[in-house]
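Notes for the one structure printed next.
2 protein chains.
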Amino acid sequence: MHWRDGYVAVDWGTTNRRVYAIDGEGRVAGTTGDDVGILAVPAGGFAAAVAGIRARFAGRPVLLAGMIGSNRGWVETAYVGCPAGAAELAAAIHWVEPGAVGIVPGVSQSEGRADVMRGEEVQALGALATGAIGPDALICHPGTHAKWIAMAGGRIGAFRTMMTGELFALLRQHSILAPQLDGPVTADDAFLEGAAAGLAGADLLSELFGIRARHVLDLGRGSDASYASGLLIGSDVRAGLDLHRAEPIGLVGRSDLRALYGAALALAGRDMIEVDGAEAFLAGIRALVELL
Amino acid sequence: MHWRDGYVAVDWGTTNRRVYAIDGEGRVAGTTGDDVGILAVPAGGFAAAVAGIRARFAGRPVLLAGMIGSNRGWVETAYVGCPAGAAELAAAIHWVEPGAVGIVPGVSQSEGRADVMRGEEVQALGALATGAIGPDALICHPGTHAKWIAMAGGRIGAFRTMMTGELFALLRQHSILAPQLDGPVTADDAFLEGAAAGLAGADLLSELFGIRARHVLDLGRGSDASYASGLLIGSDVRAGLDLHRAEPIGLVGRSDLRALYGAALALAGRDMIEVDGAEAFLAGIRALVELL
Chain P
1 MHWRDGYVAV DWGTTNRRVY AIDGEGRVAG TTGDDVGILA VPAGGFAAAV
51 AGIRARFAGR PVLLAGMIGS NRGWVETAYV GCPAGAAELA AAIHWVEPGA
101 VGIVPGVSQS EGRADVMRGE EVQALGALAT GAIGPDALIC HPGTHAKWIA
151 MAGGRIGAFR TMMTGELFAL LRQHSILAPQ LDGPVTADDA FLEGAAAGLA
201 GADLLSELFG IRARHVLDLG RGSDASYASG LLIGSDVRAG LDLHRAEPIG
251 LVGRSDLRAL YGAALALAGR DMIEVDGAEA FLAGIRALVE LL
Chain C
293 MHWRDGYVAV DWGTTNRRVY AIDGEGRVAG TTGDDVGILA VPAGGFAAAV
343 AGIRARFAGR PVLLAGMIGS NRGWVETAYV GCPAGAAELA AAIHWVEPGA
393 VGIVPGVSQS EGRADVMRGE EVQALGALAT GAIGPDALIC HPGTHAKWIA
443 MAGGRIGAFR TMMTGELFAL LRQHSILAPQ LDGPVTADDA FLEGAAAGLA
493 GADLLSELFG IRARHVLDLG RGSDASYASG LLIGSDVRAG LDLHRAEPIG
543 LVGRSDLRAL YGAALALAGR DMIEVDGAEA FLAGIRALVE LL
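Protein sequence lines, in the order shown, are assigned to chains P and C.
Everything in the first sequence is counted per my numbering, starting at 1 for the first residue and increasing by one.
Everything in the second sequence is counted per my numbering, starting at 293 for the first residue and increasing by one.
Right under this line is the structure:
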């Protein structure tokens with residue numbers, strides 16, 4: 001079978017994966033998602049796992065992206081250096097089975113600030129391919145390791161990763177603030193207060209302890225979880241906006257995170273275009289397939 | 293027995309305690325330290341624990357300071373608000389047994405930036421009492437929750453707590469950086485590179501992920517643990533120096549942490565006077581005892 005008769009796209013991350021079957025018309029014919037992230041696959045087990053996916057979808061060819069190409073995944077694929085567009089990524093696909101099973105490489109930045117990504121590059125190029133954003137847009141992709149991506153002439157020109165989501169999870173699970181950060185996070189008044197402080201360049205080390213101090217002194221803000229999230233995301237957005245002056249900003253990713261980052265971007269007075277992360281992923285894979 | 297015939301001073305923290313017996317001449321007659329922090333004492337067990345300490349030291353009166361006065365300790369004592377000097381603290385000692393067993397209150401700041409301390413106030417007043425620092429000095433007290441204390445007319449005028457030590461421990465134990473932060477931390481070149489970035493106002497969220505990216509790209513700095521520590525401490529010192537213009541700075545605490553903060557302060561071009569934390573604690577307790 002050839003790619004034009006349909007293919008399978010897999011977004012395979014650290015803790016979960018999502019499988020999309022694409023038919024000969026380019027439509028999504030089936031989707032499955034589960035928590036079989038790369039860490040859940042035993043050593044040497046990827047070939048069988050991928051064979052299982054292909055068997056479910058009539059032996060169609062497969063493109064895999066994300067942490068599957070990391071040193072914890074199936075095959076460690078070399079990063080493509082910036083600037084990287086669809087052509088550079090397609091040419092550097094690692095073929096486990098030539099023309100039939102490929103892994104999309106990640107993108108690295110070695111000059112200036114060192115940085116790496118695996119998976120977000122497909123979504124960035126997909127957001128561009130749909131026409132939602134322009135060839136020189138600034139993309140914000142929230143997540144455990146949030147990415148700010150400055151597109152340049154339709155390629156990934158530069159980017160910066162923020163440990164925002166992971167740091168919030170660490171504080172929530174393991175820090176002295178844990179009992180206070182237990183609640184849900186929404187873009188409420190406490191979130192906006194935290195985001196305003198972050199956007200203004202508040203010092204994180206003292207502002208975080210301040211959450212504890214206000215609690216002890218009965219000066220709490222209602223939702224400490226929202227405030228802490230707002231503080232970190234505001235700080236993230238402040239640094240991310242430094243990367244690039246483009247307007248509007250493409251906000252690509254999960255809807256719950258888009259709501260939070262969108263609120264912080266609005267507070268910063270910036271326009272944005274929201275793009276669903278799954279749609280961007282599929283469009284990015286399609287752009288690569290068209291170059292095969 | 294009365295205080296002038298000798299007493300016992302206990303610095304009782306979350307995870308350890310240190311007990312000092314002071315003789316009638318004001319000299320240290322005995323010291324014990326162990327890991328029986330407040331969390332290691334069962335509910336209702338503090339009276340017996342303190343009775344045990346007194347029994348070992350001829351029934352001398354006892355002053356306790358630190359987290360023993362928190363809601364996780366023996367008796368939750370009310371904070372004394374800033375500005376707070378030895379007179380205010382001595383007057384607010386919580387007497388579990390009148391005149392014989394007292395708990396030194398912590399200090400709070402409710403106006404402006406909310407903040408709290410328990411234990412460091414004794415060291416700050418002690419550093420002043422020894423004459424090592426002046427009545428309007430800026431004190432830096434490194435630790436899990438580092439304190440910057442602006443003295444004003446011999447009292448604690450204002451202060452700011454930084455989550456520096458706790459955040460480093462979280463990153464080292466639980467984050468994606470954990471495998472890289474495993475090594476020892478010293479004031480080496482990597483530490484100074486990190487401290488310079490922190491002092492210059494580097495964005496922590498991206499600089500921390502950059503440690504991971506540099507490792508993945510084989511652009512490591514030798515000691516990632518030292519670099520990360522330097523980055524956090526440099527950021528801490530940058531914000532702490534904002535509090536107060538006093539020169540030199542009193543650097544009070546453990547010798548290993550003084551070495552790191554001292555290197556960052558030197559990089560910032562600031563003079564400092566180092567004061568051992570245990571000596572400052574004893575001088576602070578003595579200053580309170582003299583007011584009883």
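Every residue gets a Cβ at the ideal spot worked out from N, C-alpha and C, and that includes glycine.
Taking only runs of the beta strand (DSSP E) that begin and end inside the region 144-211 of chain P, which ones reach a length of at least 3 residues, in chain order?
146-152, 155-162
Check whether residue 103 of chain P and residue 77 of chain P have beta carbons under 9 Å apart:
yes
If contacts are defined as beta-carbon pairs under 8 Å, then residue 92 of chain P and residue 105 of chain P qualify, I think. What distance do you get, rounded to the angstrom?
5 Å
Three CB pairs or more closer than 8 Å across the region 523-537 of chain C and the region 484-497 of chain C
yes
Sorted by chain position, which residues of the same chain lie with C-beta nearer than 6 Å to residue 35 of chain P's C-beta, five sequence neighbours on each side aside?
16
Less than 9 Å between the beta carbons of residue 417 of chain C and residue 580 of chain C, yes or no?
yes
Measure the beta-carbon distance from residue 122 of chain P to residue 284 of chain P and round it to whole angstroms, keeping in mind my assumption that it falls under 8 Å.
4 Å
Quickly, what does DSSP pair residue 117 of chain P with across the bridge? List them, please.
P:107
Strictly by DSSP, which residues pair up with residue 315 of chain C?
C:298
Whose C-beta lies closer than 7 Å to the C-beta of residue 26 of chain P among residues of the same chain, with five residues either side of it excluded?
286
Just tell me which of P:190, P:137, P:31 has its CA closest to the CA of residue 154 of chain P.
P:137
Quick one: residues in its chain with C-beta nearer than 7 Å to the C-beta of residue 538 of chain C, no 5 flanking neighbours on either side, listed in chain order?
428, 429, 430
Does the Cβ-Cβ distance between residue 238 of chain P and residue 205 of chain P come in under 9 Å?
no
Does any CB atom of chain P fall closer than 9 Å to the CB of residue 562 of chain C?
no
Could you list which residues in chain P have their beta carbon closer than 7 Å to that of residue 377 of chain C, in chain order?
Neighbours of residue 377 of chain C on chain P: none; closest Cβ ~20 Å, over 7 Å.
Whether residue 275 of chain P touches residue 132 of chain P by CB criterion (9 Å)
yes
Candidates C:543, C:360, C:321, C:499: which alpha carbon is nearest residue 338 of chain C's?
C:360
What does the alpha-carbon distance come out to for the pair residue 437 of chain C and residue 217 of chain P?
17 Å
Between the CA atoms of residue 366 of chain C and residue 31 of chain P - distance to the nearest angstrom
58 Å
In terms of residues, what are the limits of the alpha helix (DSSP H) holding residue 89 of chain P?
86-91
One question on the structure: do residue 420 of chain C and residue 443 of chain C come within less than 9 Å of each other, judged by their Cβ atoms?
yes
For a contact defined as C-beta to C-beta under 7 Å, what are the partners of residue 114 of chain P on chain C?
502, 505, 506, 509, 511
Spatial neighbours of residue 297 of chain C within its chain, please: C-beta separation below 6 Å, excluding the five flanking residues on both sides.
316
Would residue 504 of chain C be called buried (16 or more neighbouring beta carbons within 10 Å of its own) or exposed?
buried
Neighbour-count burial assignment, residue 552 of chain C, 16 or more Cβ in a 10 Å radius
buried
Residue-level contact to chain P via CB, residue 454 of chain C, 9 Å cutoff:
yes
Hey, quick one: how far does the beta strand (DSSP E) through residue 132 of chain P stretch, first residue to last?
It is not in any beta strand (DSSP E) - residue 132 of chain P carries neither H nor E in the DSSP assignment.
Expressed to the nearest angstrom, what Euclidean distance is found between the alpha-carbon atoms of residue 241 of chain P and residue 11 of chain P?
27 Å
Can you pull the chain P neighbours of residue 531 of chain C, defined as C-beta to C-beta under 7 Å?
203, 205, 206
Taking 6 Å as the limit between beta carbons, can you name the residues of its chain near residue 310 of chain C, skipping five residues before and five after?
303, 325
Under 8 Å (Cβ pairs) to chain P, residues found in the region 461-481 of chain C:
462, 463, 465, 466, 467, 468
Spatial distance of residue 334 of chain C from residue 352 of chain C (CA atoms):
24 Å
Per DSSP, what kind of secondary structure is residue 367 of chain C in: helix, strand or coil?
coil
I want to verify the contact list: residues of chain P whose CB lies under 9 Å from the CB of residue 437 of chain C, in sequence order.
176, 209, 212
Is the distance from the Cβ of residue 160 of chain P to the Cβ of residue 265 of chain P below 9 Å?
no
Alpha-carbon to alpha-carbon, residue 469 of chain C and residue 262 of chain P
28 Å
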